[in-house]
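Peer 1: I have a structure here, written as structure tokens, and I will follow up with some questions on it.
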Amino acid sequence: MARAAVLGRLTWRVGTLVAFRDETEFARTLVFSIPDWPGHDAGQHVDVRLTAPDGYSTQRSYSIASAAGGDLVELTVERLADGEVSPYLSQVLSIGDQIELRGPVGGWFVWDPSLAAQVLLVAGGSGVVPLMSMVRTRAKFGSHVPFRLVYSVRDPGSVLFGAELAELQRVDSSFEVHYAFTRTTPAGVARPAGRIDATYLADAGFSAGLAPAVFVCGPTGFVETVANLLVAAGHDAGRVKTERFGPSGSQR
Amino acid sequence: MAGIVSPGFFGRRRVAGASLPPGQYLVRDFPVLSAGPTPRVSHDTWEFRIVTETGEKRGWDWAAFTALPAEDITVDLHCVTKWSKLGTSWRGVSVDTLLDGIETSAEYALALSYGGYTTNLPLSALVDGKAWLAFSYDGSDLTPEHGGPVRLLVPHLYLWKSAKWVRGIDLRLREERGFWEQLGYHNDGDPWLEQRYSAD
Amino acid sequence: MSIPLDGNVMVGALEELFSFDVSVAVVECAGCGHSGAVAAVVVYTDAPGMVARCPGCTDVLFRLVRAPGRVWLDMRGSLCLRVDMPDA
């Protein structure tokens with residue numbers, strides 16, 4: 001997987017919505033076709049620009065959900081009730097409509113399939129999106145690098161990609177998903193509702209002694225708390241990469 | 001910065017109007033913009049001082065400041081990021097009151113804030129009933145996220161000139177650019193002349 | 001709300017100017033000497049521009065304003081930027 005050090009300056013490109021699928025009641029995956037799209041690495045994002053008829057425009061950043069490579073770009077957008085962009089993207093944008101995108105952006109929060117180190121992914125809500133790109137990339141490349149996803153989510157109805165994650169676990173014993181429901185747990189789950197703590201990370205994640213690569217993504221408060229817990233547990237801060245999302249699950 | 005229009009996208013409910021400066025739209029909420037962490041300043045440690053071009057200083061602690069005559073005002077706010085909020089109610093001390101008796105031949109001012117923010121304006125923009133040190137918004141103590149305990153309020157200019165968490169004003173013979181002015185924003189910032197950027 | 005994000009959100013805007021992957025460039029704070037990836041700096045975006053602050057001491061590392069027809073970039077708070085670049 002080539003990652004050029006010299007990219008050329010980024011400019012806005014036009015993307016056309018070619019497909020979509022609803023993931024949950026509030027989240028939709030949008031599939032865009034962008035001419036001359038160079039492909040992306042797992043964990044990268046795009047900046048999205050929307051312009052209204054009167055010239056008003058606004059931007060957000062969204063992580064790419066689909067596996068690396070590929071001609072199409074998938075974004076999974078979670079709708080915030082009083083959001084400005086997420087209600088439009090997740091409910092109004094229709095097949096054939098166009099938006100502007102800039103990217104792919106960001107080579108730091110990226111998983112390189114050629115690396116052998118096991119990987120711990122910690123997701124807070126819609127922070128699972130770039131981590132799902134990593135999970136999908138791993139599957140696409142046929143990698144068996146041990147992966148553990150610790151996924152903090154409000155309730156079962158908010159889980160993104162649940163069926164796909166279950167199937168990937170079923171067919172690959174080196175991939176595990178551990179849910180931490182924070183408000184409502186599904187029947188049959190022993191752990192009571194609550195936020196991720198040091199104990200849960202120790203039980204569900206890879207220990208610091210294994211020196212995993214770690215990726216944490218979610219709202220700023222979640223990311224800071226988890227990163228602190230990981231470092232306190234002995235993980236080398238240099239191996240813990242973080243990406244903070246704004247409240248709507250995008251970066252802004 | 002014209003982009004392609006995305007069908008059905010209108011953004012936050014906004015209204016352009018004849019009573020708004022060019023390029024502005026009306027909002028109903030009160031957006032919070034900030035260049036850094038919100039300073040938390042207690043009344044015990046708060047102070048405000050004016051320093052003239054000769055180095056003469058005058059300062060007020062919280063007790064002295066709150067003893068000054070204050071007035072209730074209702075003003076429109078115009079942010080350079082294009083939102084406007086009309087008819088906002090504040091209570092504050094007129095900057096004229098603070099400058100009263102200070103001798104200066106300075107033509108420029110630099111407002112300084114807790115947290116390091118600065119903004120420059122012509123001194124003429126601060127006098128003759130055009131500017132206040134506001135400590136109350138909409139009937140309540142000004143909250144830290146909106147610039148409390150005290151912010152500068154200069155409503156006839158873009159809102160970035162109304163320095164939140166203000167702690168002083170320096171009077172200068174020569175203009176010194178503040179935080180955003182150094183990055184291309186306008187030295188004067190009159191929304192009715194759409195003076196957003198220094199090249200405008 | 002002025003809840004900060006991180007350097008990842010600023011990379012697209014910076015790459016309008018720079019032709020390399022800015023997120024992995026290492027920036028050193030001129031104030032406290034803390035150094036780290038641009039992706040890991042603290043960024044405030046609810047402002048008339050983007051402000052990147054040091055995760056160590058919160059001093060401003062760099063600031064960017066995208067105005068019509070121009071970009072303003074101030075990096076005085078950064079001592080230097082280190083970029084891995086293949087030999088030409």
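Protein chains in written order, with the working numbering: chain A, 1 to 252; chain B, 1 to 200; chain C, 1 to 88.
For each residue, glycine too, the CB sits at the ideal point set by N, CA and C.
Smallest Cα separation from B:ARG91: which of B:SER34, B:PRO69, B:TYR25, B:LEU26?
Peer 2: B:PRO69
Peer 1: Which first and last residues belong to the alpha helix (DSSP H) in which A:SER133 is found?
Peer 2: In the DSSP assignment, A:SER133 falls within the unbroken alpha helix (DSSP H) covering 128-140.
Peer 1: Alpha carbon to alpha carbon, how far is A:ILE64 from A:GLY103? Give it in angstroms, no decimals.
Peer 2: 10 Å
Peer 1: Is A:ALA116 buried or exposed, if buried means 16 or more other CB atoms sit within 10 Å of its CB?
Peer 2: exposed
Peer 1: Mind pulling the alpha helix (DSSP H) runs of 4 or more residues that sit fully within the stretch 152-177 of chain A?
Peer 2: 162-171
Peer 1: By DSSP, does B:ASN187 sit in helix, in strand, or in coil?
Peer 2: coil
Peer 1: Is the stretch 141-156 of chain A in contact with the stretch 116-129 of chain A, if contact means three or more CB pairs nearer than 8 Å?
Peer 2: yes
Peer 1: Evaluate B:TRP180 with the Cβ neighbour count: other Cβ atoms within 10 Å of its Cβ, from every protein chain shown; 16 or more gives buried, anything less gives exposed.
Peer 2: buried
Peer 1: Could you check what DSSP says for B:ARG177 in three-state terms: helix, strand or coil?
Peer 2: coil
Peer 1: What are the residues that DSSP puts in a beta bridge with B:TRP83?
Peer 2: B:TYR25
Peer 1: From A:ALA180 to A:SER86, what does the alpha carbon distance come to, in whole angstroms?
Peer 2: 25 Å
Peer 1: Quick one: which unbroken beta strand (DSSP E) runs of 3-plus residues sit fully inside the stretch 22-82 of chain A? Chain order, please.
Peer 2: Complete beta strand (DSSP E) runs here, min 3: 27-33, 45-51, 57-63, 72-78.
Peer 1: So, under 8 Å CB-CB, B:GLY87 and A:THR58 are touching, yes? Tell me the CB distance rounded to an integer number of Å.
Peer 2: About 25 Å separates the two Cβ atoms, so there is no contact after all.
Peer 1: What alpha helix (DSSP H) runs, 4 residues minimum, are completely inside the stretch 95-148 of chain B?
Peer 2: 95-99
Peer 1: Taking DSSP's pairing of strands, which residues face A:ARG13 in a bridge?
Peer 2: A:LEU101
Peer 1: So C:LEU81 is in the beta strand (DSSP E); what residue range does that whole segment cover?
Peer 2: 78-82
Peer 1: Pull up the distance between the alpha-carbon of A:ALA205 and that of A:GLU176, whole angstroms please.
Peer 2: It should be pointed out that residue 205 of chain A corresponds to Gly in this sequence rather than to Ala. In a straight line, the C-alpha of A:GLY205 is about 9 Å away from that of A:GLU176.
Peer 1: Where does C:LEU61 fall in DSSP's three states?
Peer 2: C:LEU61 falls in the strand class under three-state DSSP.
Peer 1: Give a yes or no on whether 8 Å exceeds the smallest Cβ distance from C:VAL51 to chain A.
Peer 2: no
Peer 1: Establish whether the CB of B:GLY8 and some CB of chain C are separated by less than 8 Å.
Peer 2: no
Peer 1: Going by DSSP in three states, B:GLY59 sits in which element: helix, strand or coil?
Peer 2: strand
Peer 1: With 16 other CB atoms within 10 Å as the buried threshold, where does A:MET1 fall?
Peer 2: Note that A:MET1 has pLDDT 32, beneath the 50 cutoff, so the model's placement of it is unreliable and no number is given.
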